Each structure stands twice: as C-alpha cells, then as structure tokens.
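Visitor: Per this note's numbering, residue 1125 is the first one in the sequence shown, and the count goes up by one each step.
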Amino acid sequence: MSPQNTPNPRKRGAPAKTTPGTSSQRQANNPVHGRKRLKIQDARAIAVQSIEAGLKGGQLNINSFVKSREFEIRALEDAISNSRHANKKRAFQSVPRSMRRRTASHNVKRVPKRLRARHAKEMADENTPTVTSRRRKLTPHMRLRFETAKRLHALSQKKAKRDEGREKGKSFHDEGPLENALSAPPATKTKFRKRQKEKTWLPTHVWHAKRAHMVNRWRYAITESPTEKSYRPTHRSCTLRGAVAWDHSYYGIILVKGKEKELAGMLQEILGTEDAELTAAKGAIRKGRRSWRGWVFEKGGYPTKPIAPILLLWCRPSIKTASEPEYEKKKSHRSILIRVHPSAFFQLWMTILLVSKSYPSITSEDLRFELGSLEVTGPAATNALLACLQPREKPASSDTPEGVWESLRSLTNPSSLPPGAFLAFNIMDPRIAFPPRLPRLSEQEHEESTNKLFSVLSTWPPDWTQSPPALFSREARLASAHAQDSQKKINQRKLEAMPGQLPEALSTDPYIPIILLINREPSVVPSHNKKFSVSTSNAIGSWTVILPWKWVLPVWYSLVNFPGVRFGGIRESNQIQYENAVGSFPDDFPGTRAGLEEEGRKAAVREQIWEKRPKQKRTTWESVDLGEGRKGELGQGAWCDWEHLIALVAKEQKTKVATKPVSTAPAQPHNPIFTFSGPTAGSMNLDDASIPPAGQIPPPIIPASITTFNSQDTATHFHSSSSPWTIPTSLMAPLLFSPHIPIQHPLSVLSQEILAKSLFSVKIVYLHRGTPEPRARIYRLPTKSHAGRDPLARKIREGWKDVLDSHEKYEDSKFRSRKKNALQDMNLAEVSAGQKSVPQKRMDPGASRCHRVALLPPLRAELPKPPLQPGMEGYPAVPGEEDLIGFVSSGNFNLKEGRGMGIASLAFSRVFGEWMADAGTGEQKGAVGRVCVVRDVGKSVGRLARWELI
1125 MSPQNTPNPR KRGAPAKTTP GTSSQRQANN PVHGRKRLKI QDARAIAVQS IEAGLKGGQL
1185 NINSFVKSRE FEIRALEDAI SNSRHANKKR AFQSVPRSMR RRTASHNVKR VPKRLRARHA
1245 KEMADENTPT VTSRRRKLTP HMRLRFETAK RLHALSQKKA KRDEGREKGK SFHDEGPLEN
1305 ALSAPPATKT KFRKRQKEKT WLPTHVWHAK RAHMVNRWRY AITESPTEKS YRPTHRSCTL
1365 RGAVAWDHSY YGIILVKGKE KELAGMLQEI LGTEDAELTA AKGAIRKGRR SWRGWVFEKG
1425 GYPTKPIAPI LLLWCRPSIK TASEPEYEKK KSHRSILIRV HPSAFFQLWM TILLVSKSYP
1485 SITSEDLRFE LGSLEVTGPA ATNALLACLQ PREKPASSDT PEGVWESLRS LTNPSSLPPG
1545 AFLAFNIMDP RIAFPPRLPR LSEQEHEEST NKLFSVLSTW PPDWTQSPPA LFSREARLAS
1605 AHAQDSQKKI NQRKLEAMPG QLPEALSTDP YIPIILLINR EPSVVPSHNK KFSVSTSNAI
1665 GSWTVILPWK WVLPVWYSLV NFPGVRFGGI RESNQIQYEN AVGSFPDDFP GTRAGLEEEG
1725 RKAAVREQIW EKRPKQKRTT WESVDLGEGR KGELGQGAWC DWEHLIALVA KEQKTKVATK
1785 PVSTAPAQPH NPIFTFSGPT AGSMNLDDAS IPPAGQIPPP IIPASITTFN SQDTATHFHS
1845 SSSPWTIPTS LMAPLLFSPH IPIQHPLSVL SQEILAKSLF SVKIVYLHRG TPEPRARIYR
1905 LPTKSHAGRD PLARKIREGW KDVLDSHEKY EDSKFRSRKK NALQDMNLAE VSAGQKSVPQ
1965 KRMDPGASRC HRVALLPPLR AELPKPPLQP GMEGYPAVPG EEDLIGFVSS GNFNLKEGRG
2025 MGIASLAFSR VFGEWMADAG TGEQKGAVGR VCVVRDVGKS VGRLARWELI
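1) Short of 7 angstroms in beta carbon distance, which residues of its chain neighbour Trp1734, apart from the five on each side in sequence? Order them along the chain.
2) Mapping the DSSP letters down to three states, classify Ile1186 as helix, strand or coil.
3) Per the DSSP calculation, Ser1497 is bridged to which residue(s)?
4) Can you tell which of Pro1585, Pro1586 and Asp1633 has the C-alpha that lies nearest to the C-alpha of Ser1604?
5) Answer yes if the stretch 1568-1586 comes into contact with the stretch 1663-1676, meaning at least three C-beta pairs across the two stretches below 8 angstroms, and no otherwise.
6) Which ranges would you report for the beta strand (DSSP E) in the stretch 1352-1377 if only whole runs of at least 3 residues count?
7) Given a cut-off of 7 angstroms on the beta-carbon distance, is the pair Arg2032 and Ser1872 in contact?
8) Tell me, please, which residues DSSP counts as bridged to Glu2025.
9) Using DSSP's beta-bridge definition, name the partner residues of Tyr1903.
10) For the structure I just gave you, are there three or more beta carbon pairs, one from the stretch 1990-2006 and one from the stretch 1743-1758, closer than 8 angstroms?
11) Let me know the secondary structure DSSP gives Thr1536 once reduced to three states.
12) Give the DSSP-derived three-state secondary structure of Pro1858 in the structure shown.
13) Is the beta carbon of Val1927 closer than 7 angstroms to that of Pro1991?
14) How many angstroms separate the CA atom of Ala1241 from the CA atom of Ala1248?
15) Measuring only the C-alpha atoms, how far is Arg2034 from Leu1750?
16) On a Cα-Cα basis, can you pick out the residue from Gly1693, Asp1490 and Gly1624 that is closest to Pro1309?
17) Please decide whether Lys1383 counts as near chain B, where near means a Cβ-Cβ distance under 7 angstroms.
18) Exposed or buried, what is Pro1427 when buried is set at 16 or more other beta-carbons lying within 10 Å of its beta-carbon?
19) Which residues does DSSP pair with Asp1490 in a beta bridge?
20) Could you tell me the distance, in whole angstroms, from the CA atom of Gly1396 to the CA atom of Trp1419?
21) Alpha carbon to alpha carbon, how far is Ile1878 from Val1781? Give it in angstroms, no decimals.
22) If you check the beta carbons only, do Cys1764 and Arg1899 fall under 7 angstroms apart?
23) What does a CB cutoff of less than 7 angstroms around Glu2038 pick up in its chain, not counting 5 residues either side in sequence?
24) Which residue's Cα is closest to the Cα of Thr1252: Arg1269, Asn1231 and Pro1264?
25) How many angstroms separate the CA atom of Arg2059 from the CA atom of Thr1536?
26) Less than 8 angstroms between the CB atoms is what I'm expecting for Ile1462 and Leu1436, so what's the real figure, rounded?
27) Please name the residue or residues paired with Trp1325 in a DSSP beta bridge.
28) According to DSSP, is Ser1604 helix, strand or coil?
29) Specify the secondary structure class of Ala2069 as computed by DSSP and reduced to three states.
30) Hey, could you find the ends of the beta strand (DSSP E) Pro1430 is sitting in?
31) Under 8 angstroms by Cβ, that's how I've got Ser1459 and Val1380 pegged, so tell me the actual separation to the nearest angstrom.
32) What three-state label does DSSP hand Arg1609 in the structure shown?
33) Please state if the CB of Tyr1635 and the CB of Asn1698 are separated by a distance shorter than 7 angstroms.
34) Considering Asp1249, what are the terminal residues of the alpha helix (DSSP H) in which it resides?
35) Whose C-beta lies closer than 6 angstroms to the C-beta of Trp1325 among residues of the same chain, with five residues either side of it excluded?
36) Measuring alpha carbon to alpha carbon, tell me which residue in Pro1484, Thr1716 and Arg1644 is nearest Glu1303.
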C-alpha cells in the first residue's frame, strides 16, 4: 500500500491501535492479581480422601470410613468459610476512600456508625490490638473536654464553698480588692488562651476581628481601622449625620481612696499649680458635681515632667441618714477615679504609689479589667445612647439624673452641656430592648422636647440631685456581673412576651451602674487670665460611657445596631482629633515619655520599610538637595529627630556671648525611677563635636534607646539629658497675646538649659496649596542678626519676604476683585429688576464677530497675578540648619477646613530666642512672628505656612 492510501488513524473506521497482549494476559502478568487469584482458588479447593482406605479385603472398616467422611465434612465447612471470607473487605475498606483513616483498623469510632459493630467483631475475631485511652496522647478535642470537666469540677467546689459561707453569714464579696497591686487579666476561654499570652483581648475583640484590622499595642489587641474605606465616612458621621463609636476599654482606670485632705495633698503634688486649685478647692469638682480633664505630672515635676492627660472624678459624698451610724467615721474618706491612656498607665501608677507613701490612708486599686469604657461622638450620638442605655427604674422626677437623661432627646452636640457635667445611674439589660429604637416624635412633642432641653441646659439639676455613683462600689459592680442572664434566657423571655412589647421587668434583673461623661472639646485654650484665651475649634463633643467590664459587649451590640452608627479604631480617633486641631496622645506629644516611645515604634517600622525597598527606589538621606549647594537631610529621616534639634539649640546658646538666663536656679534632679543610662541616643553630648554635619546621617539609634516596661511591670530607664518636654498651653498663651508683660511663673524660674529642651504644640496651616506630611521639617525665617552676618541667609530671607508680600497682595487684590464683581452683579440685578421685562438677546449664527462681541456681557475684573509657586524660577530655597525650629507629627488633608493642615511641636528657644533677648536688654518686646517654612522630609521644596497655638 502506498503512503497516500494509508488510513488516518484519527478518522472513524480506522483500525484501533493494538497493544501487545490481551487483558487476561496483562492480569496474569500482574503479581498482585496473581496472588489474589491463588488465594481464592485455595479457599475454594476441598480436600477429600480415597474410599479405599476404609475397605480391607472387601470388608468395610467402619472406623476408617467414618473418619474419612468426618475429614471431608470438615474440609467442606472450612472451604465454605474460607470462600466466604476470601473475597470479603474489611469494615474500614467498605467506606469511600475519602473517609478512610490511617488508624481506622485500630479505632472503632473512626468508621461510620453502621459499620462499627461489624468492625468491632472483626477486631475481636482477629485479636487486633486497640488503643487504650489512658495511654494515648490527648487530642485537641479530648484536651478541651478534659479541661472543661476540670473547670466544672472547680466551679462546683467553689459554689459549695460559697454556699457554706452563706450559711455562716458571709458573702462572696468579702474577698477584698487588691490594694496597691496590679490586677491580672480576666480568665479566658480555653480555645483562645494561647492567643492571649502576650496580649489581652477586649470584650468586643471577636466582633472587631471580623470587621477591622487589629494591632497589638500597649498589651492589648486593639482595632486599628475598619477594613472598609472610612476616612470620608468618618468625617461625615462626626460632623453631618450619624455617629462613630469606639471601644476604649483598654484605657486604664485607677481608683484612689483615702482621707479627703490627704487626697487633696496628693493631687497638689502631681498636678499643676492652677489645676490643683481647681481640683482641691471647695468647688464643684471636689464636691463631685463636675469631672475634670487636664495634665498630670511626676512628683514635683510641674511643668518639666508631664505624664499624660487624665480624666479625674471625685466620688460625691453620701448624705447623712439615721440608718448610717458610721457616717461620722466615713465622711472624711473619699474616692477619686482617674482614667488615663494605656501608654502612660504604668508611669502614672508608679507616680501615685510613690506619692502615696507620704499619706498613710491612701490606697490605690487597679480597675483595668473591672471597668470598661465606650466613646461615642457625632450628631446622633446622644440618640443612640438614649436608645441603648435605658434607666432601670422610671425616674421619680424630671430633675433626677434618669429624668435629665431622658430629656436630652433633641441634643445633637454634647458640647452644649456644662463643662465637666456627668450623669450616674443604673440601666437595664440592653438585650431586652434589642434592637434599640426611639419612638418618633410629632411636631408638638419635638417642640416640647426642645423647650425642656433648653431648661435643662440653663439649670442642670443633677448638680444637687445626683447621688454617689454606684460604679465606685465594688459590691455593685460584682452584683451586676453575677446577675447577668444568658442570651438563651433573654430570648425565652422575649418569646413569652406579647408581640410588639418588651418583656416585663423582673426583680432579679441586674442593676448595671454606669457613668456618662461629656468630653467637651475646648473652644478656647485655657489660661490663667481669660484675656489670653485662644479660640481653637467649635467641634462636636463626645460621650464617654464607663461601665462594668462584662457589660461592655451587650451594650456594644446594642449600640452598633442603632441606625447611622459606625465604629472606628485608632486611626479614626486620631483623625477626629486632628480635624478639631487637638493633638492626639501620645502621637502629638513628643515631650512626654509615651510620646517618645510611640515615635520610636514608628521609626522602627519606617526603617524596616525603607530597608526592604530597592536602593534605586528609596530615598537616600545623604543626597537630599536643600538648595544653594547644600545636601543631606537634617537629622534622622525616619523620625522626628528631637535630639538633633536640642543639640543644635544647645550649640547656639553656647556660641552666644551676651546671653543672660532668666534665672540661675539649678534644674531639679529627675526622678531616679525613670533615670537613663547607657550609650544610646539619649546620652548625646551637647558639645560642638557631637552634632553631625548636615551631610552626614548618624546610624538609626532611636529604636534602641526607646524602652518600655517589661513583662513584670517594673520601671526601666528612660529619660536622658536631651529628652524634650512640652510646655502647657496655658503658659504659652500670655507670651503670644501680651508680649509686654513679664514672663509668668514657673517659666520665669527655669534656666536656659531647661528651656532649651522645651517644646510647645501648634497647628500648621499652609498659605498656599499643599499638605504637610509627618516628619516634615519646620524652619523660621532667618533672623535679622544672622542675615546681617551671612549673605546666603540674607538672600533666603529676602526671597521668602518677597513671596510673603506677593501672597498678601494677591489675596488682597483677589478679595477686591471678588468684591468688585459682586457689586457689578448687584448693579446688573438692580437694573434688571427695574425693567418690566428684560428682552433676551439671541445671537444670530451668521452675525459678524463685532456683532457677537457687542452682545456679550460686560467684562469682569481680571484676577491678579498669582505669587511664585514651588518649581518656578526665582523660588527661594529653604533656610539653613540654624533656623530649624520643629517637626510635624501629624499631617494630612483636613476635610473640616478644606485644606492641608498639620499638628507640630516647636522649640521654645528657637521661636522666642530674640524676643527673650530683647526682654533681657530692657528693649521693647514685639510680637512673635508666626510665619514659617515647611519642607517635607526627603524633599527639597519648602512652602510658606503660619502656625497657631493649640
């Protein structure tokens, strides 16, 4: 056959491709198949004996014949049995392959129930060894069951002991709290125990973990930010409509008890002079009518050793009654509740213990895991809390805290309430009225509610009707936790209730004590003199709810199910404070221990990200072009290098010959508990040789110098000779708004060395477009004295002066242009209004160009020429290293103001240096310049900005 006639094997009808050997031959060649076939053949073979063995000489031998037949019958029975089991599968082989287990032949419980009896019989017939439960290693499920049984046994023993104590007249509250000792985290579930070895979960952790990014901070697992986009929605919910809620149960709460006079003395040592007068005097705060928010300092460290901002609340004294014979003994003892950020909790705790050694009656309790807190802000925050936190009993009158709480229905801004106001009462279980809803009000009811709200705001009845908060009582806190019903019982009560109605209240329902505090953002910066108050913001306030730890989750479930309520994390909290021009602690307070530790943590993260990037795509700090032939970033590029700035200030002070200190009083030694030791960044010498040139970048040493408390909660070394400290805003306001008065105490008694390390917080606002970034460098305009000596400084100063003048002229002419255009529009409107009908001129498509121009409206005023922009020819370079005054800690686009804004800290000596020098020479002091130049880290272009005190 020719190749052309060869059939295509792929077409239909083509002969099939054959392989050598048939299927039977392939099976015969398979050794496994051969063994199975031989096994079946052997099982079916029946052994027999010949009949001749029973016949001898023609005679039948009965015994031999019977034995032969007996042998054949047994062989037949064996063949039947062997044939039945020869091709039979075991029980564990009868299940699908996906259900088989490696140890199925040794454990009956690993096969399906329908085969367990058969499998047990097979194992017994073949004498298969089984696993003994006592010798076997516990599986995770068996370990969980074992620990559950062990825990139940311990609970039964505890219950029996408690019942025995009750029979003897004792109570389970007799076990007193831990005094002057840190509390341990609550017991966790067994399956979550390994995940909480180095951190503690908040009560709402599981809920947040499914909806947000979680981070480990300050020994807690905290929500960083929701998984969905939330920057703009958070701004809308906090300002326009809705509300935002946070679980702030990680905040530390300390309860300090003792005699009233000794408590006042303790506060006098850890608070500022003005603040101590507010909290320790016979005023509303000390009487328990108002709460107080302010800064706390180390013992005798005002104002150079700030710790953190705190919330302080005195417990209202109880009223004398006939049923209280021990009133005379108890009336002198009071309690103070202090709430502080977790980054500064241990430092404040050690400070309180150190101060309380001088006062025998003072004891401190750590309530971190007994009390939790929620934060809610936004226009709908009050209504959301009204729906969730319903009073346990109906108010006796409208002046009681419960009655006042129900009258706040029309309140949209908690800042309208009196400063420091709070409400304390008992609420019902929020799960009973789930989901939370408020009834709609008619127009008449809404008007009545508004009038009632105005009356409450003007009088505030809780000042004289508020009773001592039950949250201060440990018995009340424990009783509410023990009386908490299970969700199953709550659902059963709802099922038994009538449709559309809530279950009836029972006598066994818990009394949940809470405290509602108003967090009112300051509309002015406080000062000793009211004339020096600075307007900062008109932000919407927030509510802080303090309640027992075990009731945080039920209240949270109810709160987030109210319409319009969102949840937030650390980023959202910092965003709201940033938009309100309020620094967020500890990020925007580098003059505190917690602020430096947070900056060190961020620096380590940025350094890791920088090292992971390729060399071609990461910023080389040594080659940053600063203009005029200068290169190299100032200080460390990965963080705000405060040590570098303080060293520059010290160098500048040493070079000045005619420097006269404000006071020669020596600086007080630092607290030895927080002293610093070790050759790290904090031990930098202040000599000229210790300051690296601008083009050289020292190694990243800040992450190694930042230390925290260890696992045993012992103090570690921290402060160094170059650590900065933040000046309170109340001391800065008089310097800015009344420069002709002398410097107030205590700044007037501080030496130049201490003032060289001082910082103050400001808000940075760009005069042009742009957004400051974190770690941006802030420069002042070169001083007159420096510009007179250095030609480059003179050139830079004149260049920025020209940019500032052109900007002011541009803004002025633009305002005039807008005003002229507005007047022109008003005149045209008046002329049009005077005519009966204004005929509309229609343009003919075939008209000439001159005719078209005649029909156009009159020309408006031309806009002025804008000033120089970055990148244009003639744009000035940034000032030098000698004019560096601070760093930006938080920067972004402020949606509330509609422009870029930043929160920064400036060096006091650099900003007020010449001002204080003029004061020392007796010359007239002028206003301090607030114009500055801001340059983002790693960039070479600076932008004009103005700083304002916050």
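The beta-carbon is built from N, C-alpha and C at its ideal position, and this holds for glycine as well. Quick caveat: nothing in here was measured; it's all calculated off a predicted structure.
Guide: Quick look at the numbers:
1) Arg1742 and Ala1762.
2) DSSP places Ile1186 in helix when its eight states are reduced to three.
3) Answer is Ile1670, bridged to Ser1497.
4) With distances taken between Cα atoms, Ser1604 lies closest to Asp1633.
5) The answer is no - the stretch 1568-1586 does not touch the stretch 1663-1676, with fewer than three Cβ pairs under 8 angstroms.
6) For the stretch 1352-1377, whole beta strand (DSSP E) runs of length 3 or above, ordered along the chain, are 1367-1371.
7) With the sequence shown as reference, residue 2032 is identified as Phe, and Arg is not the correct amino acid for it. Not in contact: Phe2032 and Ser1872 (Cβ atoms no closer than 7 angstroms).
8) Sequence check: residue 2025 is Met here, not Glu. Per DSSP, the beta-bridge partners of Met2025 are Val1889 and Asn2016.
9) In DSSP, Tyr1903 forms a bridge with Leu2008 and Val2057.
10) Three or more Cβ pairs drawn from the stretch 1990-2006 and the stretch 1743-1758 lie within less than 8 angstroms of each other, which places the two stretches in contact.
11) Coil, per DSSP.
12) The answer is helix: DSSP assigns Pro1858 an H, G or I state.
13) For the 7 angstroms CB-CB criterion, Pro1991 and Val1927 form a contact.
14) Rounded to the nearest angstrom, the gap between the Cα atoms of Ala1241 and Ala1248 is 11 angstroms.
15) Their backbone Cα atoms lie some 20 angstroms apart in a straight line.
16) Closest in alpha carbon position to Pro1309, among Gly1693, Asp1490 and Gly1624, is Asp1490.
17) Going by chain labels, chain B is absent from the structure shown, which holds only one protein chain.
18) So Pro1427 ends up on the buried side.
19) Bridge partners of Asp1490: Ile1378.
20) Distance between the alpha carbons of Gly1396 and Trp1419: 8 angstroms.
21) Only weak support exists for where Val1781 lies, its pLDDT of 43 falling under 50; the coordinates are left without a value.
22) Contact flag set, yes.
23) Cβ contact annotation for Glu2038 (same chain, cutoff 7 angstroms, sequence separation greater than five): Thr1907, in chain order.
24) Selected option, being the one with the closest Cα: Asn1231.
25) Cα to Cα, Arg2059 sits roughly 40 angstroms from Thr1536.
26) With a Cβ gap of about 6 angstroms, Ile1462 and Leu1436 count as contacting.
27) Paired residue(s): Ala1345.
28) If DSSP states are grouped into helix, strand and coil, Ser1604 belongs with the helices.
29) Residue state, collapsed to three classes: strand.
30) Here the beta strand (DSSP E) through Pro1430 covers Pro1430 to Trp1438.
31) Rounded, the Cβ-Cβ distance is 7 angstroms, consistent with contact.
32) For clarity, residue 1609 is Asp in the given sequence; the question names Arg instead. Residue state, collapsed to three classes: coil.
33) Taking 7 angstroms as the Cβ cut-off, Asn1698 and Tyr1635 do not qualify as a contacting pair.
34) Per DSSP, Asp1249 belongs to the alpha helix (DSSP H) from Lys1237 to Glu1250.
35) If we look at Trp1325 and ignore the five residues flanking it on each side, its Cβ neighbours are Ala1345.
36) Comparing alpha carbon positions, the residue from Pro1484, Thr1716 and Arg1644 closest to Glu1303 is Pro1484.
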